[in-house]
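What follows is a short report on a single structure.
Protein chains: 2
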Amino acid sequence: MSKSYHHGDLRRALIEKTLELVQADQVHLVGFRELARQLAVSRSAPYRHFSNVEDLLAEVARQGFAAFIDVLEPVATLKGYTPEERFLELGVTYVHFALEHSAHYRLMFDCAYFKQEDFPEVQGLAAHAFTLLKYTSSACMDKSASDRDKLELATMAWAFVHGLSKLFIDGQLAKIKNRKRFIRSSCQRFVRRLTTTMKQGVAGSD
Amino acid sequence: MSKSYHHGDLRRALIEKTLELVQADQVHLVGFRELARQLAVSRSAPYRHFSNVEDLLAEVARQGFAAFIDVLEPVATLKGYTPEERFLELGVTYVHFALEHSAHYRLMFDCAYFKQEDFPEVQGLAAHAFTLLKYTSSACMDKSASDRDKLELATMAWAFVHGLSKLFIDGQLAKIKNRKRFIRSSCQRFVRRLTTTMKQGVAGSD
DNA sequence: ACCCTATGTTGCCCCTGTCAACATCGAGGT
DNA sequence: ACCTCGATGTTGACAGGGGCAACATAGGGT
Chain A
1 MSKSYHHGDL
11 RRALIEKTLE
21 LVQADQVHLV
31 GFRELARQLA
41 VSRSAPYRHF
51 SNVEDLLAEV
61 ARQGFAAFID
71 VLEPVATLKG
81 YTPEERFLEL
91 GVTYVHFALE
101 HSAHYRLMFD
111 CAYFKQEDFP
121 EVQGLAAHAF
131 TLLKYTSSAC
141 MDKSASDRDK
151 LELATMAWAF
161 VHGLSKLFID
171 GQLAKIKNRK
181 RFIRSSCQRF
191 VRRLTTTMKQ
201 GVAGSD
Chain B
1001 MSKSYHHGDL
1011 RRALIEKTLE
1021 LVQADQVHLV
1031 GFRELARQLA
1041 VSRSAPYRHF
1051 SNVEDLLAEV
1061 ARQGFAAFID
1071 VLEPVATLKG
1081 YTPEERFLEL
1091 GVTYVHFALE
1101 HSAHYRLMFD
1111 CAYFKQEDFP
1121 EVQGLAAHAF
1131 TLLKYTSSAC
1141 MDKSASDRDK
1151 LELATMAWAF
1161 VHGLSKLFID
1171 GQLAKIKNRK
1181 RFIRSSCQRF
1191 VRRLTTTMKQ
1201 GVAGSD
């Protein structure tokens, strides 16, 4: 009884420990044997819950996407904002999330950890996150805009925020001092320039 | 004599084999023992040339950056083009390189394989690649533009092409059929919109 | 009370990384 | 021509992880 033979909630515990390690940027030492040790459980107990480490990482990534969507969705549907303002806030929120959960974000998007194509549920969530972007960016366009143009703008926006996130996370933008300021400023520029339709000319200066 | 005891050019051979594996998207099975087997050499021979696998991968990444710069530099200095045209071509060339050498590009930028901060030479080459972008994008701006604005545009451009590359490489943009067309089209939009100064208004429709 | 299944444990094997001790080769000095 | 030394390659040994199979235990449903 002292130590119950069965852990009771090993699956959840595995995920939590993995998340801890991910957040501490220690993904490299996520392994069944190591996790088992840290959870005071025998080395092959984890196999009862995940067929391999990739599965475990994919599950953690899945939860990351879920949290990501939970953060983005409210912003994508903010009331009392112009479409451009919503688009801007969505972009800023996107990059902030990526930086605040940088290791998790890496896990979600870097194919080095697990093959997304083997985890349709993860793919589905990723696709859902993209639809938020597409929905929000399309609202900034003329009704006459073609689907192709809508897809192009949404994809450009995704590429931009994703690229900005990755460059920050991977340390390529160490020179930039005030990240939040830079993020807002560049997203603003992106939104203002890219959503302005041809006829209008381009607005303001700041 | 039959088999010379010494390989003769093991270092180069290791790099080449690694490159082969990288290009075949088999980075995961780059290991000294495996490489040694494939090169018909004993398992710890590689240690005479690289202190560990990370060093080897960093070297391959370094060569990747060198090749990258070799491709970008001529485009950044193309004669007979407007600054905007050069900027566009540089962006298109960037993404094309990334897609044509996708595994290599991943190796170069994903910190999962080696820690770039431990390899100053690699960092230097990465920085050089960025200066090409900054040089080319700045040429599209008013002389009155501040350094901060120049840095911002260059960084936005980098984020955009990097993000676009990563999304393609990691399979997030599988829906897009004609990649080359999409790349040129979106880079064109990016350049035209982002480099147009306020006073000019925005040009053409195409 | 019994059994069945989910869960955890242990033993075993093969893989990799890494070091230390030893072997071989080639180049330079004599 | 010969010797020596450093560079390179080899072998043995150990630690550690992934993964499977056989066994152990607990707890719930009959």
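Chains as they are written, first to last, in the numbering used here: chain A, 1 to 206; chain B, 1001 to 1206. Beta carbons are placed, not taken as given, at the ideal position from N, Cα and C, and that holds for glycine.
Between the C-alpha atoms of residue i and residue j, what's the straight-line distance to the nearest angstrom?
{"i": "residue 1114 of chain B", "j": "residue 1054 of chain B", "result": "5 Å"}
{"i": "residue 1118 of chain B", "j": "residue 80 of chain A", "result": "48 Å"}
{"i": "residue 203 of chain A", "j": "residue 192 of chain A", "result": "Because residue 203 of chain A sits at a pLDDT of 44, beneath the cut-off of 50, its placement in the model cannot be relied upon, and the following sentence gives the value as read from the coordinates. Taking the straight line from one Cα to the other gives about 8 Å."}
{"i": "residue 10 of chain A", "j": "residue 49 of chain A", "result": "8 Å"}
{"i": "residue 1008 of chain B", "j": "residue 1017 of chain B", "result": "15 Å"}
{"i": "residue 94 of chain A", "j": "residue 112 of chain A", "result": "22 Å"}
{"i": "residue 70 of chain A", "j": "residue 122 of chain A", "result": "15 Å"}
{"i": "residue 46 of chain A", "j": "residue 60 of chain A", "result": "15 Å"}
{"i": "residue 1052 of chain B", "j": "residue 1027 of chain B", "result": "15 Å"}
{"i": "residue 31 of chain A", "j": "residue 125 of chain A", "result": "25 Å"}
{"i": "residue 1183 of chain B", "j": "residue 86 of chain A", "result": "26 Å"}
{"i": "residue 92 of chain A", "j": "residue 1152 of chain B", "result": "15 Å"}
{"i": "residue 162 of chain A", "j": "residue 130 of chain A", "result": "11 Å"}
{"i": "residue 1187 of chain B", "j": "residue 1005 of chain B", "result": "54 Å"}
{"i": "residue 72 of chain A", "j": "residue 1015 of chain B", "result": "43 Å"}
{"i": "residue 56 of chain A", "j": "residue 1120 of chain B", "result": "34 Å"}
{"i": "residue 1128 of chain B", "j": "residue 1068 of chain B", "result": "10 Å"}
{"i": "residue 1145 of chain B", "j": "residue 1175 of chain B", "result": "38 Å"}
{"i": "residue 185 of chain A", "j": "residue 1035 of chain B", "result": "48 Å"}
{"i": "residue 1149 of chain B", "j": "residue 1156 of chain B", "result": "10 Å"}
{"i": "residue 1166 of chain B", "j": "residue 41 of chain A", "result": "39 Å"}
{"i": "residue 58 of chain A", "j": "residue 1147 of chain B", "result": "42 Å"}
{"i": "residue 1181 of chain B", "j": "residue 37 of chain A", "result": "52 Å"}
{"i": "residue 132 of chain A", "j": "residue 173 of chain A", "result": "27 Å"}
{"i": "residue 1136 of chain B", "j": "residue 1074 of chain B", "result": "11 Å"}
Skipping 5 residues on each side, what residues in its chain have a beta carbon closer than 6 Å to that of residue i?
{"i": "residue 1195 of chain B", "result": "1084 and 1140"}
{"i": "residue 33 of chain A", "result": "43"}
{"i": "residue 160 of chain A", "result": "190"}
{"i": "residue 134 of chain A", "result": "154"}
{"i": "residue 1164 of chain B", "result": "1095"}
{"i": "residue 21 of chain A", "result": "30"}
{"i": "residue 1177 of chain B", "result": "none"}
Figure out for me which residue from the options has the closest Cα to the Cα of residue i.
{"i": "residue 1062 of chain B", "options": "B/1108, B/1047 and B/1076", "result": "B/1108"}
{"i": "residue 138 of chain A", "options": "A/123, A/106, A/163 and A/76", "result": "A/76"}
{"i": "residue 1066 of chain B", "options": "B/1039, B/1092, B/1082 and B/1101", "result": "B/1101"}
For my contact list, residue i and residue j are in at a C-beta cut-off of 8 Å; report their separation, rounded to the angstrom.
{"i": "residue 89 of chain A", "j": "residue 78 of chain A", "result": "7 Å"}
{"i": "residue 1104 of chain B", "j": "residue 1023 of chain B", "result": "7 Å"}
{"i": "residue 209 of chain A", "j": "residue 13 of chain A", "result": "Residue 209 of chain A lies beyond the range of chain A shown here (1 to 206); nothing can be said about it."}
{"i": "residue 142 of chain A", "j": "residue 82 of chain A", "result": "Rounded, the Cβ-Cβ distance is 15 Å, inconsistent with contact."}
{"i": "residue 116 of chain A", "j": "residue 1171 of chain B", "result": "7 Å"}
{"i": "residue 25 of chain A", "j": "residue 1110 of chain B", "result": "14 Å between Cβ atoms; not a contact."}
In chain order, what residues of the same chain have a beta carbon less than 7 Å from the beta carbon of residue i, not counting five sequence neighbours either side?
{"i": "residue 1168 of chain B", "result": "1099 and 1179"}
{"i": "residue 1106 of chain B", "result": "1169"}
{"i": "residue 1158 of chain B", "result": "1130 and 1133"}
Cutting at 8 Å between CB atoms, please list the residues of its own chain near residue i, excluding the five before and the five after it.
{"i": "residue 1019 of chain B", "result": "1060, 1063 and 1104"}
Does the beta carbon of residue i fall short of 7 Å from some heavy atom of the ligand SAM?
{"i": "residue 123 of chain A", "result": "With respect to the ligand SAM, the structure offers nothing, as it holds no ligand at all."}
Where the segment 1100 to 1125 of chain B meets chain A: residues whose CB sits under 8 Å from a CB there: 1106, 1109, 1110, 1111, 1112, 1113, 1116 and 1117
Chain-ordered residues of the segment 137 to 155 of chain A with a beta carbon less than 7 Å from chain B: 152 and 155
According to a CB-to-CB cut-off of less than 8 Å, which residues of the segment 54 to 75 of chain A neighbour chain B? none
Residues within the segment 1179 to 1194 of chain B neighbouring chain A, beta-carbon criterion of under 8 Å: 1182, 1185, 1186, 1189, 1190, 1193 and 1194
In the segment 1155 to 1166 of chain B, which residues sit with their C-beta less than 9 Å from some C-beta in chain A, listed in chain order? 1155, 1156, 1158, 1159, 1160, 1161, 1162, 1163, 1164, 1165 and 1166
Could you please tell me which residues of the segment 1020 to 1034 of chain B, in chain order, have their CB closer than 7 Å to any CB of chain A? none
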